[in-house]
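Start counting at 1 in the sequence shown, then tack on 154, and there's your number in my numbering.
Note that beta-carbon positions come from the ideal geometry of N, C-alpha and C, so glycine has one too.
Below: the structure, in structure tokens.
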Amino acid sequence: MGPAVLAGVALGGCVCGHLRTKDQLSLDAVEPAIAVAGVRTQLLLRGNGFRPGVVTDVDGKTATAESLSLRIGPAEVAGPVLRADGAIEATLPDTLAPGVYEVSISLGQRHAAGASLQIVAPIEVALEAPGDLASGEERPFSVEVTSRAPSDVMLAVEGLGVSPDGSATASGLVLPVLVGPQEPVKVFGKLISERPAAIADAALAVSVHWSLGPLSGTVDAAASLRALGVPRMTASIDGPAEIEVGDQRPLSARLWAPPDVDLAHVNLEVTAGGGAALASNLSISGAAIAAGGALSLPGSVQGVSAGPGWLELDATAVAQRGDPPSRVSQRYALAIRGGPAPALSVPSLPAIVEVGVPLTVTIDARNEGDVDLANAQLTVSATDGSVSDPAASLPLAAGASVQRTFSVTPSTAGAPVQLTVALSGVSALSGRTFAAQPASASSGAARRPAALAMTASPSQSRASKGQKVPLAVVISNTGDVDVPAAVLSIAAGGSGLVIGPSGGPASSLQLPPASVPAGGSVTLSPVTLGNSASPATFSVSVSGSDSVSGAQVGASTTAGFDVQAGPLMSVSVSGPARMVSGQSATLDVLVRNDGDVDAVSVSAGAEVSGGISAGSPLPASVARLAAAGGSLTFSIPVHAGGPAGSAGISVSAFAQDGNGAGTVSASSGLGLVVHDPPRITASFTGSLPATATEGQVLPAILHLGAAGPPSADALLVALPAFTASGGGTVTARAPCPLPCALPAGGSFDVKVLITAGSAGNLQVAATFPQVLVDADQGAPLDVAAASTSSVQVQTAGALAIQIRAPQLVEGFRSQLTVDVSNTGGAEIAGLGLDALDLTDASGAAVTPTSISALSPGPLAGGARESFTFDVMPAPGGGTLAVHVHVTGSETNTSAQRIGDATTTPFAVLRPGGLIANLVGVPATASVGQALNLRVELTNSGQTAVDNAIASLTPRSSPGDGSLAISGPTETGQSLAPGSSATFTFQVTANSAGPAGLIASASGTVQGGGAATVSPSSADLVLQAPAQLSATLATDRTRVSAGQALQLTLLVQNTGEADATSISPAAPTTATGTTATVDAITPISAGSVAVLHGGQSVSFIWTTSATSAGQVAFVTAAQGVDGNDPSMTPSTGSITSATVEAQLAGRLVVSAVAGPARISAGLQRPSLTLTATNSGGADVVLSNLPPPVAVTTGSAAVAIVSQPASTAGLVLHSGNSRDFTWTFDASGSG
């Protein structure tokens, strides 16, 4: 016995589950590894350690084998058996769904897992489907179901579809209920294309539901499907982009089939339009194109007219599978060119030419067409002249232009040169030749040589020494040819000099060449001067050459002017000796001219030193200062800017020489002293009281003090300006008669009286505009403003009384409120009610009651006190007037304040009352009619009525018809004075006879009590409802086919109420009719507006029979009750008596004469006329006319006997009658 067992014995216990460590448990395999769901299957498990252990109980002297359990997934397998060979047998239950499950075993306290068991569905599903599906195509697919189970499996289609949506649909798949183990089941369905816009990679999915034993599930299968999109053809035209009118170019049209579908019945047509046309018909029909293949169609296009054109391809086809492709229609733009259009522009030749002098001519050659002009040739010829390079070759693109320059030399004196130009070439598209309209030009005749003349004059007759003076030199050409480079030469004499190109003076000058036109002139302006006060003289000449012949030409003249010395100016300055810093003054400047020439544009300028600055002189300039002692004055403003001390100013005058010789000037100066400006301070001494009453006068002192030297003395020249807020006023008194001197370092006081204005904040400010000036220059001083302390100004206390009254009603107690307000600012105390008087409209006194006390105050500004009293107006009082009188005293001034008010009379209202007005009652009503009647309640009083509601009752008189009344539908309402409310009742007439209605009301007035009511009534007559009866009659009982037949419907109102809108139905033939009739047309069958009780009306139609037989007619009439539109009386269906229709009588006549040959005078011939009625109706005969004999030769006949009169003879249907005449005959023929 081991140690463990001994320990157990010693403790009196049990060693349980003691195992040998060498028996390790493991699960290696499960057979079979795959089982079918819903089928009980025998399993065999193999592994290691599959031997039972022994559990002993030492105390109980027992030993037992270990327990065995088996679990597959979540299921506990019942009854596993451990075989002697170490394998475990078990039965798989039929409750496990398909899936892979872990298998585990427990043997005692040992456990093992690791093997798995796969359970599969009892069926297999195989799906066969086409690989693709054309647009619009329908194709089959199949599903094969094979059973794995040993017994039948129930089947159903769980799901069937194609994804994605919009590619295709699947339908028609039906499975049998059961599939057995013997053979598989194969069923078919169909796929239908949903015409996707593009190719879709789709999938067909099938889900089959199975049931076996306690289990059920689904098996899915899927197949790929290529859902083809709507087939589309593509096309192109390979042709020229442009073509010339009349030209013909090849083209090729191509049509491609879709890549997935073959095409048949292909129709392809190419057309042209606009300016293009096809050389021949270009179309094909009935062709076929393989999938992805192409069809080509060659042809030619030609230009017809210039402008835009087009080629259009139209194609249709049928797909061998599914939908046909969409029609292809494509248009290609084509430009039709008109061809090249050469044109020329030749400038006119000069009007002035000379023989032998070449002329340069530029010619513009253009192609104004829309096609290039190739190998263009330009040729030029001249009459009475010669041309250099007379021919040239040049290319001209469409719309391009080229310029060519030629030399033309006149050859005949006095004759013009005639120039002729031509242009031609070939079209770059068509090769045709195109030529421009020839162009020509003509020059003028040869002209005479040039001839020059000239004049020269100075711009002024006098000038100052050294002044520049322009000479106006005019050179004229009296010949017919220009002088292109005339040279002007000038030689100076006396004091004269000429300004050269460098700007310096010289004794002579030659100007650059200038052109002088034929018959024209040119003006030059050389500049001269005089260098001393003596005359200046100049010799002027010009030379040049003829522009055509080159011959030299020339001319000469002289000019001169006087020279003076010029102006001589002087300046003197005067002004103040002292200035105050910050102030300004004006200096006077005197300018004189002692020279022999006037000075013009005279102006002045200043330079300063020390503490001053100078402004611009006035005037800014003077136009002229006369010579020989003339003078003028300028004013120059100066400003002292500090510091104090000495200062100076230097003034210069500037002018222009009167002759224009330039600028002249002179200068002078002035010294002065600068002081600092006075500095003044201002303030109010002391403080004003914090509060004041409107109109109260307050004294104040304004103190002014001046700073000491070096400031200047000051002067008080006016009283300060005072402003007071709140509407106050200010007066002041100067300390001495104005102006008052205020020396530097001194001071004085100004006495001020302030009167308080309107309530609010009062503060006085003193400002000093133009009040203090410096004593030196009198310039205003800048003194800071001064202000008093702030004072609160109040309005005087004032009592106001307002009396508030509610709505006053006769006989009802009301409380009135009196508000006593202080509308002022000052406080009022000691309030007391002195009078309270009440009177009615007649002036009689009304006694108030319950008067509350009025508080004595004090009552602050804007505050309010109130008291109340009661009053009960007597009936008939009409109005109530209230008078209140209240007194008090103002706290600030102790002045008495009174409040007195009398109201306008308050209206005393009458209590509310109701007037009941019955509206909407008709004069008549039909029995059974329901009327909606209204009772309008109006408040005739002056106060509101609450819970006002109307009532409606019938009159109770012997012989009255009976009425049923319900309502009102509305609830009670509150009516303001003068307002109304409507209440609705439904009244139903039950029996005929006279009747009456009485409208009344009820309600309570405000304050309690019932409101007075004024009722109203209305009478009406209750009538039996309108009732229609009718008869339908025909105007004959027998009629022939085609004969008119009239129908009359007589309608009568047998009721008491009017019938309105009576209208008949169009008659129809009755059941049993054997004859046919024509259309039934109304003659008088319109609706009748009113049919009173007892009255009748007729409606008429017409028709005719179209076949023989019996016919009856059916119709009806309907109307509306005149009292109640909801009642629609009707005659019901009315049937006429039967009319016999016969075929029309038909008269057939035959005649027999005999004998055929007679002997005149011996035999009498006869004529027998047989009349037969072959129709249906009787025929009434008229009297027969005698027969007329037609004879030849000398034969003649006379009637001997004739039948009796046939007038009125009736010939019945099918009957015949004979009528015979006999004759005497004579002659032969």
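Own chain, CB closer than 6 Å to residue i, minus 5 neighbours either side, in chain order
| i | result |
| --- | --- |
| Pro157 | Annotation note: pLDDT 34 at Pro157 (below 50); position unreliable, no value reported. |
| Val1274 | Thr1214, Ser1215, Thr1282 |
| Asp1054 | His1039 |
| Pro494 | Asn521, Gly523, Val525, Leu527, Ser581, Phe588 |
| Ala567 | Val509, Ala600 |
| Ala709 | Leu606, Ala607, Met608, Val696 |
| Ser661 | Ala646 |
Three-state secondary structure assigned by DSSP to residue i
| i | result |
| --- | --- |
| Gly1386 | The displayed coordinates of the chain run from 155 to 1383. Any statement about residue 1386 would go beyond what the structure contains. |
| Thr372 | strand |
| Lys176 | Bear in mind that the predicted position of Lys176 carries a pLDDT of just 47, short of 50, making it unreliable; the figure below should be weighed with that in mind. Three-state result, Lys176: coil. |
| Val212 | Any reading at Val212 must be qualified, since the residue scores a pLDDT of 47, below 50, and its modelled position is unreliable; no value is offered. |
| Phe1377 | strand |
| Ala164 | Summary for Ala164: the model assigns pLDDT 29, below 50, so the residue's position carries little reliability, and this model does not support an answer. |
| Phe1253 | strand |
| Ile387 | As written in the sequence, residue 387 is Met, which differs from the Ile given in the question. Of the three classes helix, strand and coil, the one that applies to Met387 here is coil, per DSSP. |
| Arg237 | coil |
| Thr566 | coil |
| Gln1140 | strand |
| Asn1369 | coil |
| His1246 | coil |
| Thr845 | strand |
| Arg520 | strand |
| Arg1190 | coil |
| Ser578 | strand |
| Ser555 | strand |
| Cys890 | coil |
Of the residues the options, the one placed nearest residue i, counting alpha carbons only
| i | options | result |
| --- | --- | --- |
| Ile1005 | Pro1029, Ser968, Gly978 | Ser968 |
| Pro1392 | Ser1145, Gly1150, Ser1171, Arg1192 | Residue 1392 lies beyond the stretch modelled for the chain, which goes from 155 to 1383, so this question has no answer here. |
| Ala551 | Thr566, Gly579, Val1364 | Gly579 |
| Ser804 | Ala815, Val792, Val628 | Val792 |
| Ser535 | Gln557, Glu337, Val500 | Val500 |
| Ser699 | Ala604, Val623, Gly673 | Ala604 |
| Ala1172 | Thr1188, Leu1151, Asp830 | Leu1151 |
| Thr533 | Ser594, Ser502, Leu417, Leu503 | Ser594 |
| Leu1204 | Ala1211, Ala1233, Ala1239 | Ala1239 |
| Val1231 | Ala1102, Gln917, Leu1201 | Leu1201 |
| Ala999 | Thr691, Asn1101, His1037 | His1037 |
| Gly799 | Val562, Asn747, Ala303, Ala731 | Ala731 |
Close-in-space but distant-in-sequence residues of the same chain around residue i (CB under 7 Å, 5 per side omitted)
| i | result |
| --- | --- |
| Ala1262 | Ala1195, Ala1229, Ala1295, Gln1296, Leu1297, Gly1330 |
| Gly1248 | Asn1207 |
| Asn1369 | Asn1327 |
| Leu1174 | Val1075, Pro1076, Ala1077, Thr1078, Ala1079, Ala1149 |
| Asp1378 | Arg1318, Val1351, Ala1352, Val1354 |
Residue i - partner residues in DSSP beta bridges
| i | result |
| --- | --- |
| Lys622 | Leu683 |
| Asn976 | Leu953 |
| Ser941 | Ala919 |
| Phe808 | Ser757, Ser819 |
| Ala1350 | Ser1380 |
Neighbourhood of residue i by C-beta distance below 8 Å, restricted to the same chain and skipping five residues each side
| i | result |
| --- | --- |
| Thr787 | Asp742, Val743, Leu744, Val745 |
Give a yes or no on contact between the segment 515–533 and the segment 577–597, applying the rule of three or more CB pairs nearer than 8 Å. The segment 577–597 and the segment 515–533 touch, with three or more beta-carbon pairs separated by less than 8 Å.
Pair every Cβ in the segment 901–920 with every Cβ in the segment 845–852, then say whether three or more of these pairs are closer than 8 Å. Using a Cβ-Cβ distance cut-off of 8 Å, the segment 901–920 and the segment 845–852 are in contact, since at least three pairs of beta carbons, one from each stretch, lie closer than that value.
If contact is defined by three or more beta carbon pairs under 8 Å, each pair taking one atom from either stretch, is the segment 1096–1104 in contact with the segment 1066–1077? At 8 Å Cβ cutoff, the stretches touch.
For the structure I just gave you, are there three or more beta carbon pairs, one from the segment 1077–1094 and one from the segment 1043–1063, closer than 8 Å? Put simply, the segment 1077–1094 does not touch the segment 1043–1063. Fewer than three CB pairs are less than 8 Å apart.
Taking 8 Å as the threshold, find out whether the segment 1018–1032 comes into contact with the segment 1045–1054 through three or more Cβ pairs. Cβ pair count under 8 Å is below three, so no.
Inter-stretch contact (C-beta, 8 Å, three-pair minimum) for the segment 472–485 and the segment 385–399: The segment 472–485, when compared against the segment 385–399, does touch it at the 8 Å Cβ threshold.
Any chance the segment 303–322 sits against the segment 258–267, with 3 or more Cβ pairs inside 8 Å? With a cut-off of 8 Å, the segment 258–267 and the segment 303–322 do not count as touching, because too few Cβ pairs lie within range.
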